[in-house]
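**Q** Please find one structure pasted underneath; my questions will follow.
Structure below.
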């Protein structure tokens, strides 16, 4: 890891709940998509958020982007409380955070050509005149290796391959020279052949520009190469935070272990072995289980404790936290 | 807009679309011609009717009906004094002038009317005139004596005395042999109307104009007020196109923007828009327009305004909403929010362009429906009071029982223009529909 330890994003006890209403007026409950999350991201660091579908990863990303309004908790970005931003402040904030989405084709307006797509953020933020915008567009296209730019400037998204589309999405996220990029499963919709290319590209850009990269994925196998730290999420909470190597070697939370066990492993012996996987469904976010949210599926659940009290973060090792009563000593 | 441009390039593959474009171009050309050939003020003056049209026949058929007839219907013949040999004798204090108006009549049918227009100048005592009719076979018929006022019309064909004396309507009897009048046979040849005038003042003078009104006129014929229907056919084109286009643009754009706004903001804004639309959808358009026309104004622009107002919250909102709802959730909209696009930018630049190509065919076919609406209003008597439009021609035709009286051209020509407009836009619209909605294409 390069750079200093300056904290770029600091999240404290963040909750993002969605109200459920019947007939548009009667409140019948909340979907607790993000339910009490705290973490810090440092400058120039790449952090992976891992978890299964519906665990609140994407809601967390959208809350950080200011697309969802948090129900409670605080988000500090470069020392500024996001909730206190006015319109102008929010606009500036949005220039500081880039967003790379899952589906590159869906993420690009189909009726705009590449030049227009890349110019839009500049127009909205009133950056430079036409000439300067043009040179910035070319520059960032070179950065994502869409070269020569002339070949792509007039193309519409449907004329590009999936990998090229995702490069345009990345270029757009970089247009406003952000200090953080949030990538929501940036390669899950791409062909296996271009995944590594795109991930390497993101990683290189992140390293050369000293960007903070929040990398959301459900695929633990790529995490090792593209992140320094991993946050494992389950049912709206972060259950384990660790450096990548440590997590892969010594997973502390039973859920993390289950995730790691589920990874495909090209070992012929596996054909004969049945894997132990947690039974049951991911819990409902409307009415989450009491205590530790993983306890109904946990093979090590401690009766009388896990289903009663929510486990705080314990530290099984240096820079390693796990919200699990198993580590309570 | 790439989808739009590639779509337009495909038009060449659809002969119906090309035919539709040709029809629309023809209508546009006709509009331009109308606007330049007959300036707006002049068109209004012409359509107001009256004196301007006194040289035109009443209810004359278009000239082209002669192509389908064995007996040629007559055109209008105008003979003026300047083209005649004037003999004059001067006496003390008075003078006598003989003005022969000559013309040759070669048509197979009788004219519709005959009028003599006299304009005399005098101080106290006007001239006295006697009229003689000389036929090719050498008969001379006295038509009577007149003391013309300053501006005087001698309606020969409506002269009851003359009719009794000749035993037939004068404009027929004068143009045939006495024995042939029952057979309705025209005596072709050179006729003379001699005006024998006596002036009692030195400064007196007389202008004369004889008109034998034909039964065909111009390319479109004339109506009961002698107006050339061509004026309305020509000027009806730009008015119909402008009304149709403005109404279609006005309703489509406002509806689209309102639908997109409702979809984007959701919640109570969307609910309010939906409720207003539902109420508006059950309001009957035509009775409201009839009320506005009867109680407030029949100006075409007021009507246009009411049509657009009633069209804003129309059923289209429901359709656009259904199309826009999935677009609202598109990742590219989320991305636009993430890089700071505001509400209006998202609605106008990100949501609407996405559905525009699909709406273009509907927009093109919407234009003629408003053209028809305007014509319907005019037929119902709610047309603009001053503008010459196709619908007003139909209204007049209905008022004068045109079909009962056999004036088919009076109904057919404006109806043809309306159908041509509908056809042109429909052919283009349906082809565009196939281009932009490929599922409609046959396999």
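Chains as they are written, first to last, in the working numbering: chain A, 39 to 367; chain B, 3 to 445. Ideal placement from N, C-alpha and C gives every residue a C-beta, glycine not left out. These figures come from a predicted structure and were not determined experimentally.
Under DSSP, the alpha helix (DSSP H) around residue 173 of chain B begins and ends at which residues?
**A** Looking at the DSSP string, the run of the alpha helix (DSSP H) that includes residue 173 of chain B is 172 to 175.
**Q** Could you check what DSSP says for residue 403 of chain B in three-state terms: helix, strand or coil?
**A** Three-state result, residue 403 of chain B: coil.
**Q** Determine whether the beta carbon atoms of residue 374 of chain B and residue 420 of chain B lie at a separation below 8 Å.
**A** The answer is yes: Cβ separation under 8 Å.
**Q** I'd like to know if residue 346 of chain B contacts chain A, where contact means its C-beta is closer than 8 Å to some C-beta of that chain.
**A** Output row for residue 346 of chain B: interface = no.
**Q** Just by C-beta distance, which residues in the region 80 to 109 of chain A are closer than 9 Å to chain C?
**A** Of the chains in the structure shown, none is chain C; the protein chains are A and B.
**Q** I need the boundaries of the alpha helix (DSSP H) containing residue 178 of chain A, first residue and last residue.
**A** Per DSSP, residue 178 of chain A belongs to the alpha helix (DSSP H) from 168 to 181.
**Q** Under the rule that 16 or more other beta-carbon atoms within 10 Å means buried, what is residue 300 of chain A, buried or exposed?
**A** Exposed, since its Cβ has fewer than 16 Cβ neighbours within 10 Å.
**Q** DSSP state of residue 190 of chain B, grouped into three classes?
**A** Residue 190 of chain B falls in the coil class under three-state DSSP.
**Q** So what does residue 208 of chain B bridge to, in DSSP terms?
**A** DSSP lists B:122 as partners of residue 208 of chain B.
**Q** Give the residues of chain A in contact with residue 339 of chain B, contact being defined as C-beta atoms less than 7 Å apart.
**A** Those within 7 Å of residue 339 of chain B in chain A are 105.
**Q** For residue 109 of chain B, count the other beta carbons within 10 Å of its own beta carbon; 16 or more makes it buried, fewer makes it exposed. Which is it?
**A** Classification of residue 109 of chain B: buried, given that the 10 Å Cβ count is 16 or more.
**Q** Output, in sequence order along the chain, the residues in the region 353 to 371 of chain B whose CB is closer than 7 Å to any CB in chain A.
**A** Listed in sequence order: 355 and 356.
**Q** How big is the Cα-Cα spacing for residue 435 of chain B and residue 126 of chain A?
**A** C-alpha separation (whole angstroms): 44 Å.
**Q** Decide if the region 40 to 53 of chain B is in contact with the region 372 to 389 of chain B; the criterion is three or more beta carbon pairs, one per stretch, under 8 Å apart.
**A** The region 40 to 53 of chain B, when compared against the region 372 to 389 of chain B, does touch it at the 8 Å Cβ threshold.
**Q** Using 8 Å as the threshold, is the C-beta distance between residue 90 of chain B and residue 81 of chain B below it?
**A** No. Outside cutoff.
**Q** Taking 8 Å as the limit between beta carbons, can you name the residues of its chain near residue 228 of chain A, skipping five residues before and five after?
**A** Around residue 228 of chain A: 142, 200, 201, 204 and 236.
**Q** With a threshold of 16 other CB atoms inside 10 Å of the CB of residue 281 of chain B, please say whether the residue is buried or exposed.
**A** That one is exposed.
**Q** Have a look at A:206, A:106 and A:169 and flag the residue whose alpha-carbon is nearest the alpha-carbon of residue 185 of chain A.
**A** Residue 185 of chain A has its Cα closest to that of A:206, out of A:206, A:106 and A:169.
**Q** When the cut-off is 8 Å and only beta carbons count, does residue 291 of chain A lie next to chain B?
**A** Taking Cβ atoms only, chain B never reaches closer than 8 Å to residue 291 of chain A, which makes this a no.
**Q** Below 8 Å on the Cβ atoms is my guess for residue 79 of chain B versus residue 105 of chain B; work out the distance and round it to an integer in Å.
**A** Residue 79 of chain B to residue 105 of chain B, Cβ: 5 Å. Contact.
**Q** Note down the Cα distance separating residue 430 of chain B from residue 406 of chain B, rounded to an integer number of angstroms.
**A** Rounded to the nearest angstrom, the two C-alpha atoms are 36 Å apart.
**Q** Using the three-state DSSP reduction, which class does residue 39 of chain A fall into: helix, strand or coil?
**A** At residue 39 of chain A the pLDDT is 40, less than 50, meaning the model places this residue with poor confidence; the figure from the coordinates comes in the next sentence. If DSSP states are grouped into helix, strand and coil, residue 39 of chain A belongs with coil.
**Q** On the CB-based measure, 16 or more other CB atoms within 10 Å of its CB, does residue 163 of chain B come out buried or exposed?
**A** Answer is exposed; the Cβ neighbour count stays below 16.
**Q** Tell me whether residue 349 of chain A sits in a helix, a strand or coil according to DSSP, three-state version.
**A** In the structure shown, residue 349 of chain A sits in coil (DSSP, three-state: anything other than H, G, I, E or B).
**Q** Ignore the nearest five residues each way along the sequence and tell me which others in residue 331 of chain B's own chain have a CB closer than 8 Å to its CB.
**A** Taken in chain order, the list of residues that qualify is empty.
**Q** Applying the criterion that 16 or more other CB atoms from any shown protein chain within 10 Å of the CB defines a buried residue, is residue 453 of chain B buried or exposed?
**A** As shown, chain B starts at 3 and ends at 445. That puts residue 453 of chain B outside it, with no answer to give.
**Q** Would you call residue 83 of chain B buried or exposed, if buried means 16 or more other Cβ atoms sit within 10 Å of its Cβ?
**A** Buried, because 16 or more other Cβ atoms sit within 10 Å of the Cβ of residue 83 of chain B.
**Q** Can residue 55 of chain B and residue 277 of chain B be called in contact, C-beta distance under 8 Å?
**A** No. Outside cutoff.
**Q** Under 6 Å Cβ to Cβ from residue 13 of chain B, same chain only, skipping five residues before and after it: list those, please.
**A** These residues qualify, in order along the chain: 19.
**Q** Residue 211 of chain A to residue 287 of chain A, Cα distance in whole Å?
**A** Taking the straight line joining both Cα atoms gives about 34 Å.
**Q** Assuming contact is defined by CB atoms lying nearer than 8 Å, are residue 195 of chain A and residue 146 of chain A in contact in what I supplied?
**A** A contact, by the Cβ cut-off of 8 Å.
**Q** Compare the C-beta of residue 336 of chain B against all C-beta atoms of chain A and say whether one is closer than 8 Å.
**A** Yes, residue 336 of chain B lies at the interface with chain A (some Cβ there is under 8 Å from its Cβ).
**Q** Just the C-alpha distance for residue 129 of chain A and residue 118 of chain A, rounded to the nearest angstrom, thanks.
**A** For residue 129 of chain A and residue 118 of chain A, the distance between alpha carbons rounds to 14 Å.
**Q** Looking at chain A, is there any beta carbon in it that lies within less than 8 Å of the beta carbon of residue 342 of chain B?
**A** Chain A, which has a Cβ nearer than 8 Å to the Cβ of residue 342 of chain B, makes this yes.
**Q** Would you kindly report the start and end of the unbroken alpha helix (DSSP H) that includes residue 303 of chain B?
**A** Run containing residue 303 of chain B: 302 to 314, per the alpha helix (DSSP H) assignment.
**Q** If the cut-off is 8 Å on Cβ atoms, which residues from the region 160 to 173 of chain A count as contacting chain B, listed in chain order?
**A** Taking 8 Å as the Cβ-Cβ cut-off against chain B, the residues of the region 160 to 173 of chain A that qualify are 162 and 163.
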